[in-house]
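The letter at position 111 of the sequence shown is residue 111 when you use the numbering used here, and the numbering goes up by one with no holes. Ideal placement from N, C-alpha and C gives every residue a C-beta, glycine not left out. Structure first, commentary second.
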Amino acid sequence: MNRKNWIIIMLLLIGIGSIVAVEGFIKPRAHEQAIQYEAEQNDPLTHDIRKSLKFASPYMGNASNLMNLNASLPMRDIGRTFQLYPEQLTAELRFQARAGDLQEEKLKQLLVYNSTANFVLIDNLQKLIFAFEDQAFTIRRDEVVSWYANAPLASLRDAATWEKEVQSRLDDSNYVSEYVDSLVKREFL
């Protein structure tokens, strides 16, 4: 065989090897990483708040923005609808699930994380209601502002500050329980 044929065979082998590497190793690994990342985004302990920061708004009346914000936060895998009460500057998220079916500690973490994110990113939102099929949880902005007295809500729009002041504290069950017991009004339906 002449040199030209050897070069063609070598290029063909390199091409086949590259296809096998991409299809057999690189794509499956990237798919696994994407699945893992998506699972992490539904857990307040591992959620990446940077994806939600783009939904910051001075007005709660921007319904699509509010929906997209909450679709980017943990609990996004639970079906939900929204009801806005602009006169009271209140947003109600109605989840199509029972709060009693969720693990109690995880529910509390979600209430802390998601309520704080909503008040940090929607400037004029004054009251937030998480309504499940069996319970409703109401949180007020003024109480959340008092809770984070050492870190004004506007400062929590920085991802590093958010991680330090909100996310890293979710591992402390006493902290989470105190937030929920102090700030969250629970109503059984």
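Residue closest to residue i, alpha-carbon to alpha-carbon, out of the options
i: D49; options: G61, S72 and N65; result: Residue 49 is actually Ile in this sequence, not Asp. That would be S72, whose Cα lies nearest to the Cα of I49.
i: S115; options: D171, Y148, I26 and Q96; result: Y148
i: P86; options: A97, M60 and S18; result: M60
i: L45; options: I35, N174, S168 and E23; result: S168
i: E163; options: R141, Y113 and K127; result: Y113
i: Q96; options: Q88, E104 and F82; result: F82
i: D142; options: D171, R80, V176 and Q126; result: Q126
i: A99; options: R80, Q88, A117 and L84; result: R80
Through-space distance from residue j to residue i, alpha-carbon basis
i: D134; j: R157; result: 32 Å
i: D123; j: F55; result: 11 Å
i: F188; j: D181; result: 15 Å
i: V20; j: H47; result: 34 Å
i: L183; j: Q109; result: 13 Å
i: V166; j: V22; result: 40 Å
i: L102; j: G17; result: 48 Å
Same chain, Cβ closer than 8 Å to residue i, neighbours up to 5 away in sequence not counted
i: N42; result: P74, M75, R76 and D77
i: K51; result: Q41 and S72
i: L13; result: none
i: L53; result: L121, R157 and A159
Distance CB(residue i)-CB(residue j) smaller than 9 Å
i: F137; j: K185; result: yes
i: L93; j: A63; result: no
i: L121; j: S173; result: no
i: N118; j: N70; result: yes
Beta-bridge partners of residue i, as assigned by DSSP
i: L107; result: Answer is none; L107 lacks a bridge partner.
i: S72; result: Beta-bridge pairing links S72 to no other residue.
i: A91; result: L84 and L128
i: I9; result: Partner(s): none; I9 has no beta bridge.
Same chain, Cβ closer than 7 Å to residue i, five either side skipped, listed in chain order
i: V145; result: L153
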